C-alpha cells in the first residue's frame, strides 16, 4: 500500500513550488523531456484517451515563431525560456483507443460525435497538462503555464499538417529564477470552497 510522501516531496510538488516568469541560463536536456513524458503519461485519463499532444520548442527559431502568436506580456517569457511546451489536444484521439483501451470498443463511443470528442479532449488534455507540470517539478524543473496567445493562429502555424490538433495552453520549462516569482496569491482554507455531504 502506498505511503504518504515526505514533506520535502510535498514541498517540491506543491507547497513551495511556484510559477516562474523567468529561468536561469541552464539548458534542459532532451532526456529530461522524455522523463517528463514518461511520468505524465501515467496519470489517469478517461478510457486512457491520452489526447494531449506536445510540441517542445527548444530552439531560438521555434520559440520566436511561438512568441509571434503570444500576447505582449508573454513574448519574452517564451523567447528566454530553455523550453516552451505547446500542450495541445487531438480531437481524433478516439482513433487510438483500439490499442490504448483494448478492454472494449471505446472508439465507437466517440465515432460521429466530434463535439463530444472536443469536450473530452479538452478535459483530459488539461489533466495531462497538470500532470506535465507536476512531472517537470518532480524531475527538478520549474514551469510557467500561460494562456495569452492566439490559439487559431498558433494552430494554423504549428499544426497545419495535423488539423485535428488544437492548442490548449503553453508552458515554459526550465530551472526557475527565484527572482521572477510574484508574492504568492491567496490560497483559501478548506471551508471556503469545499462542501462535504
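In UniProt numbering, the protein residues as written are 1 to 197.
Yeah, the Cβ is synthetic: ideal placement off N, Cα and C, and Gly gets one too.
The model shown is predicted, which means the values in this text are computed figures rather than measured ones.
Between the options, which has its C-alpha nearest residue i's C-alpha?
{"i": "residue 49", "options": "61, 33, 14 and 102", "result": "102"}
{"i": "residue 17", "options": "186, 29, 141 and 157", "result": "141"}
{"i": "residue 154", "options": "181, 189 and 85", "result": "85"}
{"i": "residue 124", "options": "191, 4, 42 and 178", "result": "42"}
{"i": "residue 40", "options": "185, 32, 131 and 30", "result": "131"}
{"i": "residue 184", "options": "19, 72 and 6", "result": "19"}
Please state if the CB of residue j and the CB of residue i are separated by a distance shorter than 8 Å.
{"i": "residue 52", "j": "residue 176", "result": "no"}
{"i": "residue 147", "j": "residue 21", "result": "no"}
{"i": "residue 167", "j": "residue 88", "result": "yes"}
{"i": "residue 60", "j": "residue 23", "result": "no"}
{"i": "residue 172", "j": "residue 144", "result": "yes"}
{"i": "residue 94", "j": "residue 117", "result": "yes"}
{"i": "residue 161", "j": "residue 69", "result": "no"}
{"i": "residue 91", "j": "residue 121", "result": "yes"}
{"i": "residue 136", "j": "residue 13", "result": "no"}
{"i": "residue 157", "j": "residue 79", "result": "no"}
{"i": "residue 28", "j": "residue 174", "result": "yes"}
What's the call for residue i, buried or exposed, on a 16-neighbour Cβ count within 10 Å?
{"i": "residue 45", "result": "buried"}
{"i": "residue 34", "result": "exposed"}
{"i": "residue 133", "result": "buried"}
{"i": "residue 9", "result": "exposed"}
{"i": "residue 110", "result": "buried"}
{"i": "residue 58", "result": "buried"}
{"i": "residue 99", "result": "exposed"}
{"i": "residue 36", "result": "buried"}
{"i": "residue 74", "result": "buried"}
Output the boundary residues of the beta strand (DSSP E) element that contains residue i.
{"i": "residue 55", "result": "52–57"}
{"i": "residue 198", "result": "Only positions 1 to 197 of the chain appear in the structure, and residue 198 is not among them; the question remains open."}
{"i": "residue 172", "result": "165–174"}
{"i": "residue 146", "result": "142–146"}
Taking residue i as part of the alpha helix (DSSP H), name the residues at either end of that continuous run.
{"i": "residue 13", "result": "Careful: residue 13 lies outside any alpha helix (DSSP H) and carries neither H nor E."}
{"i": "residue 46", "result": "Residue 46 -> no alpha helix (DSSP H), and no H or E assigned at all."}
{"i": "residue 119", "result": "114–138"}
{"i": "residue 192", "result": "190–193"}
{"i": "residue 158", "result": "151–158"}
{"i": "residue 32", "result": "30–40"}
{"i": "residue 6", "result": "First-last for residue 6: undefined, no H or E at that position."}
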